[in-house]
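Reading through the structure tokens given below for one structure.
Number of protein chains: 2
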Amino acid sequence: MTKRSIFTELDPMFHPRSVALIGASGKPGKVGRVLMDRFLETGFREFYPVNPVEQEILGTKAYRTIGEIPGPVDMAIVLTPTDATLTAVEECAAKGVKTIVITSAGFGETSPQGKGVEQEMVRAARKGGARIIGPNCVGIYCPASKLPYPLPASFEPGSVGVISQSGFFADYLTQVASANGIGFSKAISCGNESDLTATDFLEYLGEDPETKLIIGYLEGIKDGKRFHALLQEITRKKPIILWKGGRTEAGARAAVSHTGAMAGSGAVWEGVFKQAGVISVRSFEEALDCLYAFHLQPLPKGRRVGIVSGPGGTAVGTTDMCLDLGLTVPRFSLRARERLRKTLPPVINAISNPVDLTLASLVTPRVTGDAVRILLDDESVDMLLVVAVIGGEQLRDIIAEAVAASQKKKPVVVTIMAESMQSVVQDVPLFLRSGISVYSDAARSAKALARLVERAQFRARRRGALRSMAGRKNEKAKRARNLDVITKALQEGRITLSEHESKACLRAYGIPVTREREVHDGRAFRETLAKIGFPCVIKASGPAVSHKTEQGLVHLDIRTRQEAINAFTQIKKRAGGNSGSILVQEMVHGVRELMIGLTRDAQFGPCVTFGLGGIFTEILKDISLRVAPITKQDALEMIEEVRGGHLLGAYRGMPAADISTLVEILVRVGEMGMEQPRIKEIDINPIIVSGTKPVAVDALVVLE
Amino acid sequence: MTKRSIFTELDPMFHPRSVALIGASGKPGKVGRVLMDRFLETGFREFYPVNPVEQEILGTKAYRTIGEIPGPVDMAIVLTPTDATLTAVEECAAKGVKTIVITSAGFGETSPQGKGVEQEMVRAARKGGARIIGPNCVGIYCPASKLPYPLPASFEPGSVGVISQSGFFADYLTQVASANGIGFSKAISCGNESDLTATDFLEYLGEDPETKLIIGYLEGIKDGKRFHALLQEITRKKPIILWKGGRTEAGARAAVSHTGAMAGSGAVWEGVFKQAGVISVRSFEEALDCLYAFHLQPLPKGRRVGIVSGPGGTAVGTTDMCLDLGLTVPRFSLRARERLRKTLPPVINAISNPVDLTLASLVTPRVTGDAVRILLDDESVDMLLVVAVIGGEQLRDIIAEAVAASQKKKPVVVTIMAESMQSVVQDVPLFLRSGISVYSDAARSAKALARLVERAQFRARRRGALRSMAGRKNEKAKRARNLDVITKALQEGRITLSEHESKACLRAYGIPVTREREVHDGRAFRETLAKIGFPCVIKASGPAVSHKTEQGLVHLDIRTRQEAINAFTQIKKRAGGNSGSILVQEMVHGVRELMIGLTRDAQFGPCVTFGLGGIFTEILKDISLRVAPITKQDALEMIEEVRGGHLLGAYRGMPAADISTLVEILVRVGEMGMEQPRIKEIDINPIIVSGTKPVAVDALVVLE
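Quick look at the structure:
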């Protein structure tokens with residue numbers, strides 16, 4: 001389906017002229033009653049309750065079946081009991097309904113049989129040319145079209161789009177945020193996705209000109225590659241805030257019982273989000289906090305925060321929070337300090353950053369506005385964090401005025417610690433409606449700013465970066481060369497390649513490996529020693545050999561012929577049953593050990609991983625991951641993301657590692673994943689930085 | 001001052017019979033007016049406004065000076081302008097006032113002259129036998145005595161004690177929490193601490209039988225050792241929740257301008273808090289969240305959480321959050337599952353953990369209570385996290401009943417995601433007053449539970465642990481032996497010891513070091529080679545040698561006499577100008593490298609540090625720290641706290657490291673810090689685990 005067509009196909013769903021509510025009810029406590037109330041409240045014009053027994057519900061004429069409705073019906077919302085749902089869908093299809101939203105639950109999320117019924121419903125719908133949203137969802141909220149959700153949300157339209165695999169998330173978010181003055185373009189809860197999926201709606205919202213920001217909750221998706229490509233494309237234009245539920249194993253178990261979606265591995269999702277610049281959140285409150293920041297604030301040019309705080313204690317604590325998040329709290333410019341000194345009352349002797357307004361901010365509220373105005377005009381800070389001890393309209397006006405005067409070029413977030421939590425909560429819509437992001441705790445304000453910086457940096461990095469095609473031109477030739485080793489292994493019925501074979505694959509892709517030879521007898525061994533030279537490494541070889549180090553089958557740093565012969569004899573003896581070839585390779589010295597790997601994810605396909613190598617890999621448990629193919633920029637970010645990445649710079653008398661070669665290796669490993677479908681896993685560990693040059697010292701390729 | 005005496009001395013301050021407000025005012029906007037209002041509201045009986053011009057303020061007779069008040073005055077609150085404050089204090093002393101709370105600011109926090117005035121005020125007060133709280137503070141809030149703060153807090157007494165170096169923190173916390181039904185015993189804002197300090201009040205609250213929990217905000221303290229000892233003692237009986245402001249360098253700069261307290265290094269404070277089991281928080285909201293948990297909930301027996309969730313999406317996300325925090329979400333017992341199946345309506349088919357109540361929890365609210373009651377009675381979970389989509393009195397009663405039936409043996413925290421933020425905020429006092437900790441986000445609920453687990457584990461660890469006296473008996477002898485090396489260095493005007501000398505110090509304290517000899521000429525070198533054997537290490541030695549590795553002055557893993565002689569010649573050549581002694585030492589092989597250090601903190605004294613060694617130290621930037629003397633339990637916790645500590649177990653064919661020797665080394669380094677005042681720093685890096693045994697391979701001792 002092309003992009004144009006998905007927008008053309010899905011957009012009418014959000015603008016139905018007529019809606020039937022199958023399972024409408026007048027009985028309090030029923031969902032059918034709740035939705036009746038909402039449709040009556042919004043005053044949706046061509047709205048038809050359908051109920052097998054009632055002739056009228058809450059003063060509105062009801063129909064026994066959808067077929068009895070006189071005119072055409074664009075959308076049906078199905079609330080029937082589980083076992084009556086298939087019939088309802090068939091009736092909708094017969095009526096020529098275009099969109100069927102199935103709110104009823106008890107299908108694929110509870111049993112395989114339920115999955116079967118879902119498929120029957122899709123077939124039935126398709127016959128009539130209808131599409132299904134759900135089952136097990138709350139469908140569509142669209143203020144502009146007066147399409148309501150069960151919870152009472154405002155119908156002021158706006159530019160935020162919601163996509164959710166949890167009906168509650170979509171419903172609660174639109175209710176809470178719209179009550180605080182945030183307007184939505186569309187919200188979609190897609191439930192079990194028997195037909196239309198979250199990915200479809202993501203694509204739609206990406207194209208939708210009314211949607212400027214996308215926020216959502218997802219547990220798993222069915223088409224990883226398309227989803228990933230869409231994220232990458234859309235985040236270039238619109239911020240995407242996502243909460244991924246089921247990141248942990250137990251969370252994923254809970255997710256399976258919830259919507260029946262494949263929850264996938266947490267690490268892969270994290271890599272996907274980073275690669276695509278998705279703003280990843282981990283709770284409802286965090287999602288809301290990010291929404292308030294991204295919807296209302298411009299992106300900052302740098303990471304320098306100016307802090308304007310009423311009480312001194314919060315000034316100190318807020319500075320800590322900003323620094324913890326990688327923001328800086330620099331000195332103001334001389335000019336700004338002069339202006340602060342002249343403008344603020346003399347009791348405020350602190351013109352340093354943070355500005356500590358002391359009790360003066362209580363007695364003379366306008367000092368907060370003065371400080372904000374002066375600092376918005378100061379080149380030494382990129383954004384402001386205000387902590388206020390009075391809230392209300394007065395403060396709102398003071399800050400809104402200062403922000404307006406500065407033409408909204410820098411983010412300003414406000415923390416209110418005033419009177420009571422009740423009054424703070426009342427202040428939230430007041431400030432949000434005036435375009436000021438507001439929080440009840442300075443830690444949340446600081447975090448919101450840090451997320452804005454994160455996106456600003458993502459955009460700056462992506463601006464120039466084009467998808468690298470490096471090395472692609474020769475891919476055919478390389479693949480041919482490489483196939484030999486893999487073909488041979490498969491012919492022999494093996495799924496693991498030996499270290500030497502694995503390195504042959506790497507070499508075919510231009511990845512630097514140790515100089516080495518595999519030998520089978522004493523004569524070849526002695527000849528090879530002369531060629532490789534000393535110091536060298538002698539290892540047992542062959543596809544059946546694993547855990548070499550633990551078994552004493554690796555002898556490192558051999559300096560003399562005698563040591564070499566001893567090692568040869570010892571390995572031959574220990575290897576015993578094994579076919580017993582021996583690998584002689586150059587000894588690579590270097591303290592900096594790295595790890596690069598390839599794995600295949602069921603949803604996203606081949607993924608490249610990077611981390612520190614050797615025992616670091618296990619100690620740090622800190623690996624960056626990206627979905628292949630990866631660009632040079634992706635590779636650079638993978639290296640920077642890992643703790644200890646700075647170790648690759650000049651360090652303790654060692655020269656800086658050759659990062660461009662490392663980047664090249666990462667890109668090539670991604671290409672191997674794309675081009676060699678028989679390769680299931682690659683583990684290059686360690687890659688040792690020898691001088692400046694990274695060299696693959698040990699490697700393992702596992703086949704499918 | 002003994003413990004008894006500080007309680008006896010300070011307790012009367014919280015129960016004054018008569019209070020004078022010097023600087024009382026009737027003018028709106030003045031602090032003097034705000035406090036007038038509060039005292040009139042509380043109906044404090046013997047309350048005297050003092051104002052140089054007014055004869056009556058808000059209907060209450062005012063006095064020109066404190067001296068004119070007829071009866072005795074126990075407490076004076078001084079709000080006068082900065083330059084009138086000393087006089088006011090003198091008048092208080094003359095009147096025989098016992099406690100002088102100085103709210104006025106502009107003293108030590110702004111200038112050294114201000115510090116001088118503070119000292120004069122203390123002298124003046126002492127003459128009359130008075131003690132000072134402040135200046136630059138809001139003093140004491142004590143509901144039982146009707147002593148108010150400027151912000152309107154409730155006067156229901158309770159058992160929470162507050163100690164704060166930020167007036168706003170104390171004032172705002174008591175206001176917000178008391179409005180939510182949390183009762184306070186006493187709150188103290190101690191400002192610049194010209195006389196009485198936070199440490200004094202910490203000791204007081206520790207002894208105070210009315211205080212069961214202490215919460216506070218601190219930026220720096222003046223008597224680290226006493227403070228640390230008090231924390232360790234008090235946390236055995238009462239939980240202490242502390243927010244340390246000025247953890248980061250920039251935060252500390254802000255702190256200095258704020259209260260003039262020494263903010264100290266963040267890492268040392270973190271170590272102090274961990275060692276003493278303080279619940280460390282980093283924002284106001286986090287402090288409040290912890291208060292609501294610790295004040296109301298029992299401690300859990302383990303880390304197993306049962307999750308009862310209305311909406312499915314939040315069930316999944318909440319599971320993730322619990323797992324992220326190290327909690328577990330186990331299967332319920334067979335019995336509990338049977339009971340859930342029988343009790344809950346059939347639509348709830350999920351009897352797994354999390355229990356997903358679906359929409360049933362909206363239609364039939366009592367199902368939440370049923371699930372809670374059954375799970376509180378289940379042995380397979382230690383605590384419950386409830387996520388509710390309806391709040392209000394009905395839910396409160398349902399949960400309160402279930403909790404009461406279980407006799408409050410397990411923590412239960414509730415997350416409310418209902419209707420609007422306004423309604424959630426209204427629910428907070430409703431639930432807290434019924435003893436149920438309540439949050440607006442599941443992430444905060446999970447975090448609260450994790451903090452309870454943290455304290456439960458701290459108590460379990462401390463229960464059996466006695467302060468270890470291991471190795472103390474021989475300290476005299478050891479010290480004598482050790483003094484030689486240090487004395488010699490000091491006589492020679494050196495402040496660094498050579499590696500060999502440093503190891504002599506370690507050896508004197510029983511710390512295992514490499515076999516090694518220092519030699520000065522070729523003959524001794526050759527003789528030594530035979531004694532040390534191969535493989536060995538040859539290094540340049542002598543106090544002036546530093547950065548040996550970077551300078552090529554270290555030759556590792558030397559296997560033959562010829563290699564040794566080459567190394568000797570090369571080092572002699574490179575060392576050039578240096579006096580040129582050579583260290584020959586055994587080569588210690590081992591992948592696991594550790595670091596142990598000693599530093600001296602200006603406030604807390606000698607501190608022991610532990611981390612992974614070699615390049616790990618810099619990569620991880622992850623070091624645990626404790627203040628000396630440390631117990632074996634402290635040492636064990638230091639090892640466990642460090643990322644990669646698990647590396648010390650059996651690993652990749654290597655045996656588990658000898659932890660008890662490692663613990664012993666840490667304890668001994670602490671003793672060195674206590675007993676050797678001339679030692680400023682020790683850096684043992686690396687300690688290599690050779691087989692199972694940790695051996696100090698390189699060491700540096702720096703003298704004062």
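Protein chains in written order, with the numbering used here: chain A, 1 to 704; chain B, 1 to 704. Ideal Cβ positions, reconstructed from N, Cα and C, are used throughout, including at glycine.
Taking 6 Å as the limit between beta carbons, can you name the residues of its chain near Ala371 (chain B), skipping five residues before and five after? Along the second sequence, read from residue 1 onward, the residue named residue 371 (chain B) stands at position 371. Excluding residues within five positions, the ones whose Cβ falls inside 6 Å are Val308 and Val355.
Less than 8 Å separating the beta-carbons of Leu666 (chain B) and Ile623 (chain B)? Within the second sequence, residue 666 (chain B) is the residue found at index 666, counting from 1. Within the second sequence, residue 623 (chain B) is the residue found at index 623, counting from 1. Cβ atoms of Leu666 (chain B) and Ile623 (chain B): not closer than 8 Å.
Going straight from the alpha carbon of Ala62 (chain B) to that of Leu376 (chain B), what length do you get? As a first step, residue 62 (chain B) must be located in the second sequence, where it is residue number 62. As a first step, residue 376 (chain B) must be located in the second sequence, where it is residue number 376. For Ala62 (chain B) and Leu376 (chain B), the gap between their C-alpha atoms comes out near 59 Å.
Cβ-based burial, Ala470 (chain A) [other Cβ within 10 Å; buried from 16]: As a first step, residue 470 (chain A) is located in the first sequence; it is residue number 470 there, counting from the start. In this prediction, Ala470 (chain A) has a pLDDT of 40, which is less than 50 and means its spatial position is unreliable; nothing more can be read from the coordinates.
How would you label Lys473 (chain A), buried or exposed, when you count the other beta carbons within 10 angstroms and need 16 or more for buried? Against the first sequence, residue 473 (chain A) aligns to sequence position 473. Model confidence at Lys473 (chain A) stands at a pLDDT of 45, short of 50, so the residue's coordinates are unreliable; what they give is reported in the following sentence. By the 10 Å Cβ count, Lys473 (chain A) comes out exposed.
Starting from the beta carbon of Met421 (chain A), find every residue of chain B whose beta carbon is closer than 8 Å, and list them in chain order. Reading the first sequence from its first residue, position 421 is the one you call residue 421 (chain A). Chain B residues near Met421 (chain A): Val176, Ala179, Asn180, Val425 and Val428.
Does Ala575 (chain B) come out as helix, strand or coil in the three-state DSSP assignment? Position 575 of the second sequence, counted from the start, is the residue given in the question as residue 575 (chain B). If DSSP states are grouped into helix, strand and coil, Ala575 (chain B) belongs with the helices.
Compare the C-beta of Leu340 (chain A) with all C-beta atoms of chain B and state if any pair is closer than 8 Å. As a first step, residue 340 (chain A) must be located in the first sequence, where it is residue number 340. With 8 Å as the cut-off, Leu340 (chain A) does not count as an interface residue toward chain B.
Does Ala707 (chain A) have its Cβ less than 8 Å from a Cβ in chain B? The question about residue 707 (chain A) has no answer, for chain A in this structure spans 1 to 704.
Starting from Asp441 (chain A), find everything on chain B with Cβ-Cβ shorter than 7 Å and list it in chain order. One-based indexing of the first sequence puts residue 441 (chain A) at position 441. One finds Ser283, Phe284 and Glu285 in chain B with Cβ atoms closer than 7 Å to the Cβ of Asp441 (chain A), taken in chain order.
So the alpha helix (DSSP H) Phe284 (chain B) belongs to, where does it begin and stop? Stepping through the second sequence from its first residue, residue 284 (chain B) is reached at position 284. Per DSSP, Phe284 (chain B) belongs to the alpha helix (DSSP H) from Phe284 to Leu296.
Collapsed DSSP secondary structure at Asp557 (chain B) in the structure displayed: As a position in the second sequence, residue 557 (chain B) is number 557, starting the count at 1. In the structure shown, Asp557 (chain B) adopts extended strand secondary structure according to DSSP, grouped into three states.
Reducing DSSP to helix, strand and coil, say where Ile639 (chain A) ends up. Sequence index remark: in the first sequence, residue 639 (chain A) carries index 639 (1-based). Annotated three-state conformation of Ile639 (chain A) is helix, per DSSP.
Is the region 431-449 of chain A in contact with the region 148-168 of chain B, if contact means three or more CB pairs nearer than 8 Å? Too few Cβ pairs lie closer than 8 Å, so no.
Can you confirm whether Ile619 (chain B), when its beta carbon is compared against all beta carbons of chain A, has any partner nearer than 8 Å? Position 619 of the second sequence, counting from 1, holds the residue named residue 619 (chain B). The beta carbon of Ile619 (chain B) sits closer than 8 Å to some beta carbon of chain A.
Count the other CB atoms within 10 Å of the CB of Val53 (chain A); is the residue buried (16 or more) or exposed (fewer)? As a working mapping, residue 53 (chain A) is identified with position 53 in the first sequence. Flag for Val53 (chain A) reads exposed.
If you follow the beta strand (DSSP E) that Arg131 (chain A) is part of, which residue opens it and which one closes it? Position 131 of the first sequence holds residue 131 (chain A). Looking at the DSSP string, the run of the beta strand (DSSP E) that includes Arg131 (chain A) is Arg131 to Ile133.
Which whole-angstrom value is the C-beta distance of Gly326 (chain B) and Val381 (chain B), which I expect to be below 8 Å? In the second sequence, the residue the question calls residue 326 (chain B) occupies position 326. In the second sequence, the residue the question calls residue 381 (chain B) occupies position 381. The beta-carbon distance between Gly326 (chain B) and Val381 (chain B), rounded to whole angstroms, is 16 Å. This is too long to meet the 8 Å contact definition.
Hey, does Ser690 (chain B) have any beta-carbon neighbour from chain A nearer than 8 Å? Here residue 690 (chain B) is taken as the residue at index 690 of the second sequence, counted from 1. When Cβ-Cβ separations below 8 Å define contact, Ser690 (chain B) makes no contact with chain A.
So which residues of chain B does Met321 (chain A) contact, with C-beta pairs closer than 8 Å? Position 321 of the first sequence, counting from 1, holds the residue named residue 321 (chain A). The contacting residues are Arg282 and Ser283.
How many Å lie between Thr631 (chain A) and Ile241 (chain A) at the Cα? Counted from its first residue, the first sequence places residue 631 (chain A) at position 631. Counted from its first residue, the first sequence places residue 241 (chain A) at position 241. Cα to Cα, the separation comes out at about 23 Å.
Alpha helix (DSSP H) segment containing Ser178 (chain A), residue limits: As a working note, residue 178 (chain A) is residue 178 in the first sequence. Start and end: Gly167 to Ala179.
Going by beta carbon distance, what residues of the same chain come within less than 6 Å of Val519 (chain A), once the five residues before and after it are set aside? As a first step, residue 519 (chain A) must be located in the first sequence, where it is residue number 519. For Val519 (chain A), where only same-chain residues beyond five positions count, the Cβ hits under 6 Å are Phe525, Thr528 and Ile582.
Quick check for students: name the residue ranges of the alpha helix (DSSP H) that lie wholly in the region 88-146 of chain A, counting only runs of 4 or more. Listed in chain order, the complete alpha helix (DSSP H) runs (minimum 4 residues) inside the region 88-146 of chain A are 112-127.
Quick check on the DSSP output: the beta strand (DSSP E) that includes Tyr439 (chain B) runs from which residue to which? Here residue 439 (chain B) corresponds to residue number 439 of the second sequence, with the count starting at 1. In the DSSP assignment, Tyr439 (chain B) falls within the unbroken beta strand (DSSP E) covering Ser437 to Tyr439.
Are the beta-carbon atoms belonging to Gly32 (chain A) and Leu79 (chain A) less than 8 Å from one another? Walking along the first sequence from the start, residue 32 (chain A) turns up at place 32. Walking along the first sequence from the start, residue 79 (chain A) turns up at place 79. Their beta carbons are under 8 Å apart, which means Gly32 (chain A) touches Leu79 (chain A) by this criterion.
Taking CB distances under 8 Å as the criterion, tell me whether Met595 (chain B) reaches chain A. Walking along the second sequence from the start, residue 595 (chain B) turns up at place 595. Answer no: the Cβ-Cβ gap between Met595 (chain B) and chain A never drops below 8 Å.
Amino acids of chain B, ordered along the chain, whose beta-carbon sits closer than 7 Å to that of Tyr509 (chain A): Walking along the first sequence from the start, residue 509 (chain A) turns up at place 509. The premise fails here: Tyr509 (chain A) is roughly 29 Å from chain B at the closest Cβ pair, so nothing lies under 7 Å.
Should the region 284-295 of chain A be called in touch with the region 216-223 of chain B, which here means at least 3 C-beta pairs below 8 Å? Short answer: they don't touch.
Using a Cβ cut-off of 8 Å (strictly closer), state whether Ala564 (chain A) contacts chain B. If you number the first sequence from 1, residue 564 (chain A) lands on position 564. Not one chain B Cβ lies under 8 Å of Ala564 (chain A).
Cβ pair count under 8 Å reaching 3, the region 696-704 of chain A against the region 667-682 of chain A: The region 696-704 of chain A and the region 667-682 of chain A touch, with no fewer than 3 CB-CB distances between them shorter than 8 Å.
Between the region 136-156 of chain A and the region 6-19 of chain A, can you find at least three pairs of beta-carbon atoms closer than 8 Å? Yes, they touch.
Other residues of its chain near Asn136 (chain B): CB distance less than 6 Å, five sequence neighbours each side excluded: Numbered from its first residue, the second sequence carries residue 136 (chain B) at position 136. Only Ala105, Glu109, Gly191 and Asn192 meet the Cβ criterion.
Count the other CB atoms, across all protein chains shown, that sit within 10 Å of the CB of Val771 (chain B); report buried if there are 16 or more and exposed otherwise. The question about residue 771 (chain B) has no answer here: the residues shown for chain B are numbered 1 through 704.
With C-beta atoms as the reference, is Gly277 (chain B) less than 8 Å away from Thr235 (chain B)? One-based indexing of the second sequence puts residue 277 (chain B) at position 277. One-based indexing of the second sequence puts residue 235 (chain B) at position 235. Thr235 (chain B) is positioned such that its CB atom lies closer than 8 Å to that of Gly277 (chain B).
Taking 8 Å as the threshold (C-beta atoms), are Ala400 (chain B) and Ile351 (chain B) in contact? On the second sequence, position 351 is the one that residue 351 (chain B) refers to. On the second sequence, position 400 is the one that residue 400 (chain B) refers to. No, these two residues do not count as a Cβ contact at 8 Å.
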